[in-house]
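Participant: Following this note's numbering, the numbering of the sequence shown begins with 140 at its first residue and continues without gaps.
Glycine residues also receive a C-beta, built at the ideal position from the N, C-alpha and C atoms.
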Amino acid sequence: MVDNKELRQEIQKILKQDDVKYVICYKKGTYGFQTTPYFVSKKDNITEIIFSPLCVNNLSSYVKSEEENKKIGVVVKGCDSRTLVQMLNEKRLPRERLIIIGVACGGVIDVKKLQKNISEPLENIDVFEEKDKFVLQFNNKKQTIRKKEVLLDKCLHCEYPTPLNYDVLIGEKTKSLGNEEYKDVKDFEKKKPDEKWKFWEEQFSCCIRCYACRNVCPVCYCEKCMAEQLDPQWLCRSVNLSENAVWHIIRAFHLAGRCTGCGECERACPMDIPLMLLNKKMEKDVKELFDYSAGVELGSKPLLAIFKPDDPEEDIK
Ligand code: SF4
Ligand code: SF4
Ligand code: SF4
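1. Measuring alpha carbon to alpha carbon, tell me which of Val385, Arg390 and Trp339 ends up nearest Cys361.
2. For the beta strand (DSSP E) that contains Gln282, what are its first and last residues?
3. Which runs of the beta strand (DSSP E) at least 3 residues long sit entirely within the stretch 327-401? Give them in chain order.
4. Buried or exposed: which applies to Phe392, given that a residue is buried once 16 or more other Cβ atoms fall within 10 Å of its Cβ?
5. Buried or exposed for Leu428, going by 16 or more other Cβ atoms inside 10 Å?
6. Below 7 Å, is the gap between the Cβ of Cys398 and the nearest heavy atom of ligand 1?
7. Whole angstroms are fine: how far does the CA of Ala243 sit from the CA of Gly217?
8. When the Cα atoms are used, what is the spatial distance from Leu380 to Phe343?
9. Please find out if some non-hydrogen atom of ligand 3 comes closer than 7 Å to the beta-carbon of Cys401.
10. Mapping DSSP to helix, strand and coil, what is Glu259?
11. Can you tell me which of the three DSSP states Phe429 falls into?
12. Return yes when at least one heavy atom of ligand 2 lies under 7 Å from the C-beta of Cys349, else no.
13. From the DSSP output, which residues share a beta bridge with Gln276?
14. Comparing the CB of Pro409 with every heavy atom of ligand 2, is any distance shorter than 7 Å?
15. Ligand 1 and Leu291: does the residue's C-beta get closer than 7 Å to at least one heavy atom of that ligand?
16. So for Leu308, helix, strand or coil by DSSP?
17. Taking only the alpha-carbon atoms, compute the straight-line gap between Ile189 and Arg234 and give it to the nearest angstrom.
18. Tell me which residues share the same chain as Lys314 and place their Cβ nearer than 8 Å to its Cβ, disregarding the 5 neighbours each side in the sequence.
19. Within 10 Å of its beta-carbon, does Val202 have 16 or more other beta-carbons around it, so buried, or fewer, so exposed?
20. Going by C-alpha distance, which of Glu320, Ile240, Ile412 and Leu154 is nearest Glu298?
21. How is Tyr201 classed by DSSP in three states: helix, strand or coil?
22. Does the beta-carbon of Met226 have 16 or more other beta-carbons within 10 angstroms, so that it is buried, or is it exposed?
23. With a 10 Å radius around its C-beta and 16 neighbouring C-beta atoms as the bar for buried, classify Lys331 as buried or exposed.
24. When the distance is taken between beta carbons, is Leu308 closer than 8 Å to Val247?
25. Output needed for Asn383: all residues of its chain with C-beta closer than 8 Å, excluding positions within five of it in sequence on either side, in chain order.
26. Pair every Cβ in the stretch 414-428 with every Cβ in the stretch 359-376, then say whether three or more of these pairs are closer than 8 Å.
27. Return the chain-ordered list of same chain residues with a C-beta closer than 7 Å to the C-beta of Pro176, the five sequence neighbours on each side being excluded.
28. DSSP on Lys160, reduced to helix/strand/coil?
29. Identify every run of the alpha helix (DSSP H) within the stretch 168-233, keeping only runs that are complete inside it and at least 4 residues long; order them along the chain.
30. With DSSP as the reference, identify every bridge partner of Val242, one or two as the case may be.
31. Which residues mark the beginning and the end of the alpha helix (DSSP H) in which Ile153 is found?
32. Which one or two residues does DSSP pair with Tyr165 in a beta bridge?
33. Determine the direct distance from the alpha carbon of Ser220 to that of Glu205, and round the result to whole angstroms.
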């Protein structure tokens, strides 16, 4: 569990450094159950800074190099830190320009699951962690709920609850919960090819190509996305199964060996398309074929920048 007082004190200390421009952290959003990214600089109110089980956003998405060579600070959970490591390995910015504030994470809440589990309106709610439970505090009443019932799916088998790389850690190191690795993918792999296609046909048909999945993804940062290129044009603007399928297949391959499984794309999708099934399938294949996992080791080269002289693929030699 993260002590907000300690978190604020650390951020205040960081902001006192002359070479720090701002720290990206969380504060309460418009409604009680929402939290929002907060870019806090020296002049801002640090008492607004929070970390709670409602802090779902992957703040790595907001990290970028500042022109004045100033440092920036960022608060990361374990899964977010994996993204940050991948971004550093892809040389998005130098490590020395970042101050990473890791938070030892006990899991974050899936608001859609929460809405199904409680009858109270969520406009005014605070959440506290208590071992394997969450205590929900409404205006004048409390409700306790088992964590398992409302955690985001990714948290139910989290591999890296403690950030992989940090300068400061708030809270105590937590153990991995990983025990069902790729269960959904393995189940899906057992289906017949026509069943698999039928499933994805249904899913891709629902896609409205709003590109929220791309916009929220921290490792989807091409200046000009192939989806919007006109010369050459890879993809027509029309929203139909064929064009949608091309969009998803190109994006999945573009992220192969780069996606860190943060789940933000699926969370942002307004059509509830199970994008993590596709991402996890790519991740599993990359692991099995190349013994490579994105973002777990700072300093490792990106998958597509590695060449092994003993590569079994004849065409590579
Ligand atoms: S996946 Fe792990 S680190 Fe990420 S929010 Fe869930 S429990 Fe925390
Ligand atoms: S967020 Fe969902 S609906 Fe929007 S483009 Fe991505 S998959 Fe399609
Ligand atoms: S594709 Fe989705 S899960 Fe993978 S890094 Fe991007 S937002 Fe995260």
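Facilitator: Looking at the atomic coordinates:
1. The residue you call residue 361 lines up with position 222 of the sequence shown. Nearest to Cys361 by C-alpha distance, out of Val385, Arg390 and Trp339, is Arg390.
2. If you number the sequence shown from 1, residue 282 lands on position 143. That run of the beta strand (DSSP E) goes Lys281 to Arg285.
3. Along the stretch 327-401, the beta strand (DSSP E) does not occur as any fully enclosed run of 3 or more residues.
4. Position 253 of the sequence shown, counted from the start, is the residue given in the question as residue 392. By the neighbour-count criterion, in which a residue is buried when 16 or more other Cβ atoms sit within 10 angstroms of its Cβ, Phe392 is exposed.
5. Numbered from its first residue, the sequence shown carries residue 428 at position 289. Around the CB of Leu428, fewer than 16 other CB atoms lie within 10 Å, so the residue is classed as exposed.
6. Here residue 398 corresponds to residue number 259 of the sequence shown, with the count starting at 1. Outside the cutoff, so no.
7. Here residue 217 refers to the residue found at position 78 when the sequence shown is read from its first residue. Here residue 243 refers to the residue found at position 104 when the sequence shown is read from its first residue. Going from the Cα of Gly217 to the Cα of Ala243 covers about 7 Å.
8. Position 241 of the sequence shown holds residue 380. Position 204 of the sequence shown holds residue 343. Rounded to the nearest angstrom, the two C-alpha atoms are 6 Å apart.
9. To locate residue 401, count along the sequence shown from 1; it is residue 262. Result yes, Cβ under 7 Å from ligand 3.
10. Translated into the one-based positions of the sequence shown, residue 259 becomes position 120. Residue state, collapsed to three classes: coil.
11. The residue you call residue 429 lines up with position 290 of the sequence shown. Phe429 carries a helical assignment under DSSP once its states are collapsed to helix, strand and coil.
12. Here residue 349 corresponds to residue number 210 of the sequence shown, with the count starting at 1. It does: the Cβ of Cys349 is within 7 Å (strictly closer) of some heavy atom of ligand 2.
13. In the sequence shown, residue 276 corresponds to position 137, counting from 1. According to DSSP, Gln276 bridges with Asp265 and Lys281.
14. On the sequence shown, residue 409 is found 270 positions in, with the first residue counted as 1. The answer is yes for Pro409.
15. To locate residue 291, count along the sequence shown from 1; it is residue 152. Between ligand 1 and Leu291, a heavy atom-to-CB distance of less than 7 Å is present.
16. Position 169 of the sequence shown, counting from 1, holds the residue named residue 308. Correct three-state label for Leu308: strand.
17. The residue labelled residue 189 in the question sits at position 50 within the sequence shown. The residue labelled residue 234 in the question sits at position 95 within the sequence shown. Each residue's alpha carbon lies about 25 Å from the other.
18. Residue numbering aside, residue 314 sits at position 175 when the sequence shown is read from its first letter. Same-chain partners within the cutoff: Pro300.
19. Looking up residue 202 in the sequence shown gives position 63. Val202 comes out buried.
20. As a working mapping, residue 298 is identified with position 159 in the sequence shown. Selected option, being the one with the closest Cα: Glu320.
21. Locating residue 201 in the sequence shown gives position 62, counting from the first residue. Tyr201: helix per DSSP, three-state reduction.
22. On the sequence shown, position 87 is the one that residue 226 refers to. The residue is buried, with at least 16 neighbouring Cβ atoms inside 10 Å.
23. As a first step, residue 331 must be located in the sequence shown, where it is residue number 192. Lys331 is exposed by the Cβ-count criterion.
24. The residue given as residue 247 occupies position 108 in the sequence shown. The residue given as residue 308 occupies position 169 in the sequence shown. No; because the gap between Cβ atoms is not below 8 Å, this pair is not in contact.
25. On the sequence shown, position 244 is the one that residue 383 refers to. Within the same chain, Asn383 has close Cβ partners Phe343, Ser344, Cys346 and Arg348.
26. No, because fewer than three Cβ pairs between the stretch 414-428 and the stretch 359-376 fall closer than 8 Å, the two stretches do not touch.
27. For the purposes of this step, residue 176 is identified with residue 37 of the sequence shown, where counting begins at 1. Cβ neighbours of Pro176 beyond the five flanking positions: Ile163, Tyr165, Asn196, Leu198 and Tyr201.
28. Numbered from 1 along the sequence shown, position 21 holds the residue referred to as residue 160. In the three-state DSSP reduction, Lys160 falls in the strand class (E or B).
29. If you keep only unbroken alpha helix (DSSP H) runs of at least 4 residues inside the stretch 168-233, you get 217-228.
30. On the sequence shown, position 103 is the one that residue 242 refers to. Residue pairing from DSSP places Val242 in a beta bridge opposite Ile309.
31. As a first step, residue 153 is located in the sequence shown; it is residue number 14 there, counting from the start. Counting along the chain, the alpha helix (DSSP H) containing Ile153 begins and ends at Asn143 to Leu154.
32. The residue labelled residue 165 in the question sits at position 26 within the sequence shown. BP columns for Tyr165 point to Pro176 and Ile189.
33. Position 66 of the sequence shown, counted from the first residue, corresponds to residue 205. Position 81 of the sequence shown, counted from the first residue, corresponds to residue 220. Computed Cα separation, rounded: 20 Å.
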